[in-house]
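K.L.:
One structure follows; several queries about it will come next.
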Ligand SMILES: CC(C)(COP(=O)(O)OP(=O)(O)OC[C@H]1O[C@@H](n2cnc3c(N)ncnc32)[C@H](O)[C@@H]1OP(=O)(O)O)[C@@H](O)C(=O)NCCC(=O)NCCS
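In the working numbering, the protein residues as written are 1 to 165.
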């Protein structure tokens with residue numbers, strides 16, 4: 001099995017949109033969420049615009065397994081105006097989970113951020129996402145707080161941080 005992790009390019013647009021919509025299928029039960037978020041989920045136009053922005057800013061990684069797109073990861077730099085990176089979203093296609101793909105994606109982004117001179121990376125997840133909580137702990141991320149009310153008025157997002165070498 002050949003696993004390739006690289007920055008996305010313009011020609012990856014269709015693959016990315018397909019994967020993003022696959023990710024959205026698991027999020028249909030968000031009837032309480034804010035209107036803007038509800039409109040984005042399952043909306044190819046939203047993902048097309050997002051793709052253009054991410055590719056232009058070199059903030060999107062795509063995974064290909066034996067040449068077939070299987071996951072993505074996007075991040076930001078200068079998180080809330082400070083010299084830190086932030087993991088925005090990571091997704092691995094169901095058929096290829098538990099093979100260490102997310103591990104490779106995180107490693108690549110951490111390398112990119114460190115090479116750019118960033119010494120810290122932040123990430124976050126929903127408290128009910130057990131796999132994501134495990135994953136962050138396994139990759140050396142430490143819990144650093146929670147923020148309420150981002151997704152819905154009562155939801156909580158758990159934040160993590162990691163110091164980069
Ligand atoms: C979370 C996700 C990205 C993990 O991707 P993956 O390629 O399967 O992860 P890896 O194989 O690299 O595993 C990394 C770690 O995650 C944890 N993990 C992965 N699958 C797990 C499972 N089924 N049960 C419990 N922990 C699990 C483990 O700690 C694992 O480390 P280990 O294998 O050394 O024990 C993937 O499950 C996914 O896309 N989920 C839907 C989107 C999502 O929840 N994204 C994260 C929040 S933004």
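In this text, a Cβ means the ideal position worked out from N, Cα and C, and glycines have one as well.
Going by Cα to Cα distance, which pick from 104, 5 and 141 is closest to residue 120?
P.N.:
It is 141 whose Cα lies nearest to the Cα of residue 120.
K.L.:
Could you give the first and the last residue of the continuous beta strand (DSSP E) run that contains residue 68?
P.N.:
Run containing residue 68: 68 to 76, per the beta strand (DSSP E) assignment.
K.L.:
Would you kindly work out how many angstroms separate the C-alpha atoms of residue 30 and residue 153, rounded to a whole number?
P.N.:
In this predicted model, residue 30 has a pLDDT of only 49, less than 50, meaning its place in the structure is not dependable enough to derive any value.
K.L.:
Determine the direct distance from the alpha carbon of residue 127 to that of residue 26, and round the result to whole angstroms.
P.N.:
About 16 Å.
K.L.:
Bridge partners for residue 61 per DSSP, in chain order?
P.N.:
Answer is 7 and 73, bridged to residue 61.
K.L.:
List the residues that DSSP assigns as beta-bridge partners of residue 92.
P.N.:
Bridge partners of residue 92: 71.
K.L.:
When the Cβ atoms of the segment 77 to 87 are set against those of the segment 13 to 22, are three or more pairs found closer than 8 Å?
P.N.:
Contact between the segment 77 to 87 and the segment 13 to 22 is absent, because fewer than three Cβ pairs lie under 8 Å.
K.L.:
Any idea if residue 85 is buried or exposed, counting beta-carbon neighbours within 10 angstroms, 16 or more meaning buried?
P.N.:
By the neighbour-count rule (16 or more Cβ atoms within 10 Å), residue 85 is buried.
K.L.:
Residue ranges of each beta strand (DSSP E) run of no fewer than 3 residues wholly in the segment 95 to 127, ordered along the chain?
P.N.:
Counting only runs of 3 or more, we get 120 to 125.
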